[in-house]
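Report on one structure; see the data block that follows.
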Amino acid sequence: DHSSTKVPSGDSHNPDSNISLRMRLKYILRIALCHFALYCFVIFYILSGAYVFHYFEGEYENRRHKEDRKQIAKIKADFVTAVAASNSEHEIEQILRLYMRNISELRVSFDNYLIFDDPTLHVPKRWTYPSSVLFSFTILTTIGYGNVAPTTQFCQMFTMVYGAVGIPLFLITIADVGRFFKTAIICIIQRIYKKELKKQGERKLLREIGEVLLVAVLFIAFIAAGSAVLPLWESELSYFDSLYFSYMSRCCSSQRIDEKRTISFDSLRV
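With my numbering as the guide, the letters of the sequence shown map in order to residues 24 to 293.
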């Protein structure tokens, strides 16, 4: 009797459904690996660029510190010798003006001058590897953090090439991450308004206001968290200064963190 024949229903043991599930998992895994490879490559690009800046600029900085220390020692020795051999008050004043002008031409900060004056002290380096990583990152983000900038011709040329390749790459990565944030925010909004969306006659304006407020809260929380981290690198920054810089950075407005002033007597004439 053909009427008693049962047609097998699609269940979890169906080979076709298992193949379809396996193919779907492979597709998801392939997409995830593509995103992961992109993020890993950007991180590698930043770290490798930081190594180049740290190596070349760090070596140049060490040589410059040694030369500055020798120059300051020579200027001081010449000053002491000239003053000891002088008997005229006017001549001593001229020697002092010459000494101040020579120190000014070195373009060193007052703190560094005091360190250079003591052979037992070491000048803190600006091009440490963490600062080089931060500089490489700010090239890609086009933010422009602080006043650490390459001074060697090689690193200046490398910066132009590094930014020309890295900025488009970073924009692609930001757009990719933005899609995940967009999906997450949409899911949060749908969960919050799940019950309200089922109600008849719900006003669309209230839902839009809620969405704007949620995005604003996330934006403020992101800036506040970044502002709390910045003083860990810049101990002289107050929380307000850090908050201001974080906000301007989000607006892609290049802001500088003031550095220590150099000793300058350029207006003096001998």
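For glycine and all other residues, C-beta sits at the position ideal for the given N, C-alpha and C. Computed from a prediction, not measured in an experiment: that's the story for all the values here.
Let me make sure I understand the geometry here. Which of 147, 165, 208, 145 has the alpha-carbon closest to that of residue 240?
To locate residue 240, count along the sequence shown from 1; it is residue 217. The candidate whose alpha carbon is nearest that of residue 240 is 208.
Quick check on DSSP: helix, strand or coil for residue 106?
In the sequence shown, counting from the first residue as 1, residue 106 sits at position 83. Residue 106 falls in the helix class under three-state DSSP.
Can you give the beta carbon distance from residue 75 to residue 181, rounded, assuming they're within the 8 Å contact cut?
For the purposes of this step, residue 75 is taken as the residue at position 52 of the sequence shown. For the purposes of this step, residue 181 is taken as the residue at position 158 of the sequence shown. With a Cβ gap of about 6 Å, residue 75 and residue 181 count as contacting.
Who are the Cβ neighbours of residue 269 in its own chain at under 6 Å, not counting the five residues just before and after it?
Translated into positions along the sequence shown, residue 269 becomes position 246. These residues qualify, in order along the chain: 246, 249, 250.
In chain order, which alpha helix (DSSP H) runs of at least 4 residues are fully inside the segment 171–216?
176–215
Where does residue 255 fall in DSSP's three states?
Reading the sequence shown from its first residue, position 232 is the one you call residue 255. Residue 255 falls in the helix class under three-state DSSP.
Under three-state DSSP, which class holds residue 151?
Within the sequence shown, numbered from 1, the residue matching residue 151 stands at position 128. Residue 151 falls in the coil class under three-state DSSP.
Segment limits, alpha helix (DSSP H) that includes residue 130
Here residue 130 refers to the residue found at position 107 when the sequence shown is read from its first residue. Taken as a continuous stretch (DSSP letters only), residue 130 belongs to no alpha helix (DSSP H), as it is neither H nor E.
Return helix, strand or coil for residue 161, following the three-state DSSP convention.
By one-based count along the sequence shown, residue 161 stands at place 138. Three-state result, residue 161: helix.
Quick check on DSSP: helix, strand or coil for residue 2?
Residue 2 is absent from the structure shown; the chain starts at 24 and stops at 293.
Can you give the Cα-Cα distance for residue 107 and residue 94, rounded to whole angstroms?
Locating residue 107 in the sequence shown gives position 84, counting from the first residue. Locating residue 94 in the sequence shown gives position 71, counting from the first residue. Between residue 107 and residue 94, the C-alpha separation is close to 20 Å.
Whole-angstrom C-beta distance between residue 118 and residue 109, which should lie under 8 Å
Along the sequence shown, one-based indexing puts residue 109 at 86. Along the sequence shown, one-based indexing puts residue 118 at 95. About 6 Å separates the two Cβ atoms, so the contact holds.
Do residue 171 and residue 154 have their C-beta atoms within less than 9 Å of each other?
By one-based count along the sequence shown, residue 171 stands at place 148. By one-based count along the sequence shown, residue 154 stands at place 131. Yes.
Alpha carbon to alpha carbon, how far is residue 195 from residue 47? Give it in angstroms, no decimals.
Translated into the one-based positions of the sequence shown, residue 47 becomes position 24. Translated into the one-based positions of the sequence shown, residue 195 becomes position 172. Roughly 26 Å between the two C-alpha positions.
I'd like to know whether the C-beta atoms of residue 322 and residue 72 end up nearer to each other than 9 Å.
There is simply no residue 322 to check, as the chain begins at 24 and stops at 293 in what is shown.
Here's the rule I'm using: 16 or more other beta-carbon atoms within 10 Å means buried, otherwise exposed. How should residue 294 be labelled?
The requested residue 294 does not occur in the structure, where the chain is confined to residues 24 to 293.
I need the DSSP call for residue 113, collapsed to helix, strand or coil.
What you label residue 113 is simply residue 90 of the sequence shown in a count that begins at 1. Residue 113 falls in the helix class under three-state DSSP.
Given a cut-off of 9 Å, decide if residue 259 and residue 150 are closer than it, judged by their beta-carbon atoms.
On the sequence shown, position 127 is the one that residue 150 refers to. On the sequence shown, position 236 is the one that residue 259 refers to. No, the Cβ-Cβ distance between residue 150 and residue 259 is not below 9 Å.
Roughly how many angstroms lie between the CA atoms of residue 253 and residue 244, to the nearest whole one?
Stepping through the sequence shown from its first residue, residue 253 is reached at position 230. Stepping through the sequence shown from its first residue, residue 244 is reached at position 221. Whole-angstrom Cα-Cα distance: 15 Å.
Tell me, to the nearest whole angstrom, how far the beta carbon of residue 83 is from that of residue 175; I am working on the premise that it is less than 8 Å.
One-based indexing of the sequence shown puts residue 83 at position 60. One-based indexing of the sequence shown puts residue 175 at position 152. Confirmed, Cβ separation roughly 5 Å.
Test item: CB-CB of residue 157 and residue 256 under 9 Å
Within the sequence shown, residue 157 is the residue found at index 134, counting from 1. Within the sequence shown, residue 256 is the residue found at index 233, counting from 1. Cβ atoms of residue 157 and residue 256: closer than 9 Å.
Roughly how many angstroms lie between the CA atoms of residue 189 and residue 198, to the nearest whole one?
Position 166 of the sequence shown, counted from the first residue, corresponds to residue 189. Position 175 of the sequence shown, counted from the first residue, corresponds to residue 198. Residue 189 and residue 198: Cα-Cα distance of roughly 14 Å.
Taking the alpha carbon of residue 201 as the reference point, which residue from 45, 49, 58, 53 has its own alpha carbon closest?
Indexing the sequence shown from 1 puts residue 201 at position 178. Looking at the Cα atoms, 58 is the closest of the given residues.
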